[in-house]
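Colleague: Each residue of the sequence shown is one higher than the one before, starting from 1 at the first, in the UniProt record's numbering. Mind having a look at this structure? Questions to follow.
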Amino acid sequence: MSKQTEAEHELAQLIVENLNLEDVEAAEMDPEAPLFGGDLGLDSIDALEIALAVSKHYGFQLRSDNPDNKQIFASLRALSAHIEQHRPNA
1 MSKQTEAEHE LAQLIVENLN LEDVEAAEMD PEAPLFGGDL GLDSIDALEI
51 ALAVSKHYGF QLRSDNPDNK QIFASLRALS AHIEQHRPNA
């Protein structure tokens, strides 16, 4: 497992809290593991909830019609990198 960056850890905490993942520790999330179809058991509804949480917390929207969503949501690391690239005042 790769080590999380500070930004990845913050995002992992946001995901765990917003999705009420009781059996998941944010610090234990592998930043390179798939967010969907992997050990977390996340689905498309969870993707919407993550997008809403990101919008509220980071101040920009993840759009459902973005053709790159598969890559953006591929892993904690990919999502964190996308957020760091696009959030205001980053």
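By construction, the Cβ of each residue, glycine as well, lies at the ideal position given by its N, Cα and C atoms.
1. Taking the beta carbon of I83 as the centre, do at least 16 other beta carbons fall within 10 Å, making it buried, or is it exposed?
2. Which residue marks the beginning of the alpha helix (DSSP H) containing S75, and which one marks its end?
3. Roughly how many angstroms lie between the CA atoms of S44 and H86, to the nearest whole one?
4. Where D39 and Q71 are concerned, what is the direct C-alpha to C-alpha distance, given to the nearest angstrom?
5. In terms of residues, what are the limits of the alpha helix (DSSP H) holding S2?
6. Between the Cα of P31 and the Cα atoms of L52, S64, L48 and E8, which residue gives the shortest distance?
7. My assumption, with CB atoms under 8 Å, is that L79 sits in contact with L35. Please give the rounded CB distance.
Modeller: Walking through what the data contain:
1. buried
2. S75 -> no alpha helix (DSSP H), and no H or E assigned at all.
3. 22 Å
4. 18 Å
5. Careful: S2 lies outside any alpha helix (DSSP H) and carries neither H nor E.
6. E8
7. 7 Å
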